[in-house]
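Quick notes on the structure that follows.
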Amino acid sequence: MLNLRSIDALLELAFAEDIGIGDITTEATVPPSQQGVGTIVAKSGGVVAGLPVAARVFDTLDATLIFRAFVNDGDKVVAGAPLAEVRGSAKTILIGERTALNFLQRLSGIATLTAQFVNAVSGYDVNIVDTRKTAAGWRAVQKYAVRVGGGHNHRFGLFDGVLIKDNHIVAAGGIANAVREARESVPHTGKIEVEVETAAQVDEALKAGADILLLDNMSLELMRRVVEQIDGRAVTEASGGITLERVREVAATGVNLISVGALTHSAMPLDMSLTLTLEM
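Residues in the sequence shown are numbered from 10 upward in steps of one, following the numbering used here.
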């Protein structure tokens, strides 16, 4: 689920950026009393995500508008499929059109790419997870879109999960020191994840008591050997250079998680349009 109240500040920023002091074109050309129906249509196929956000956009601008979705988030649609309609003031529909489509197109693109990765590893006991590589302010909605596409969320921010990376290891004076300090600082319920690049670092992290090992930019052969070396003593996460072409081979190594930054930083928006028809 997506907490729509949590994105209201983001919507206000979007309105301020796009509408500013007012839509001078719409104000000049559309009569205030004109009613209409805006129909949102998919121009390319994919997985839909963001319909509640689009509805929130129109409701925030004008609570009298009626938004009706024809499909649900998570549905796979083909080009030409009607996704939703918004009915009411033609002026407000046109003012909110771009903001609503921006969210809907980008979130659907993320859900579509995520579904492709999930389908690519079908048959393996592995989860596709996202990263913190999101647009500023968009993290909640982008991670929501990953879930819609069948993926899973990694930590939301720096505050809700310990991930000791290479620079932390350097600053702490080694893996053992970093894990020990983290263990003393976080609640007993917290998990500690450590980034490792070699078999020797895997041994060091296991001895230090790491719960999760992030296998960073490993070759497939090294990844296989390391998974055998770990032998279930820690959760394993493959990361770095994960592509659609390579992800199934990575899944075959036996890792538990595969994190893919591209889900949120490289997904192409799903093409959509809104067509207005007038009501007399």
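Built from N, CA and C at the ideal position, the CB exists for glycine as well.
To which residues does DSSP link M281 through a beta bridge? A51
Does DSSP put L60 in a helix, in a strand, or in coil? helix
I119 - DSSP class collapsed to helix/strand/coil: helix
Candidates Q210, V259, R164: which alpha carbon is nearest N186's? Q210
Tell me which residues share the same chain as E258 and place their Cβ nearer than 6 Å to its Cβ, disregarding the 5 neighbours each side in the sequence. L229
Taking the alpha carbon of E193 as the point to measure from, which residue in A219, E213, V205, E206 has its own alpha carbon closest? A219
Which of helix, strand or coil does DSSP assign to I184? helix
Return the CA-CA distance between A144 and T252, expressed in angstroms with no decimal places. 20 Å
Examine the ligand FMN and report whether any of its heavy atoms sits within less than 6 Å of the Cβ of Q210. Summarising the ligand content, the structure contains no ligands, and the ligand FMN is consequently not present.
How far does the beta strand (DSSP E) with T245 in it extend, from its first residue to its last? 244-248
Assign K100 to one of two classes, buried (16 or more other C-beta atoms within 10 Å of its C-beta) or exposed (fewer than that). buried
Secondary structure of Q238, DSSP reduced to three states: helix
Going by DSSP, which residues form a beta bridge with D225? S248
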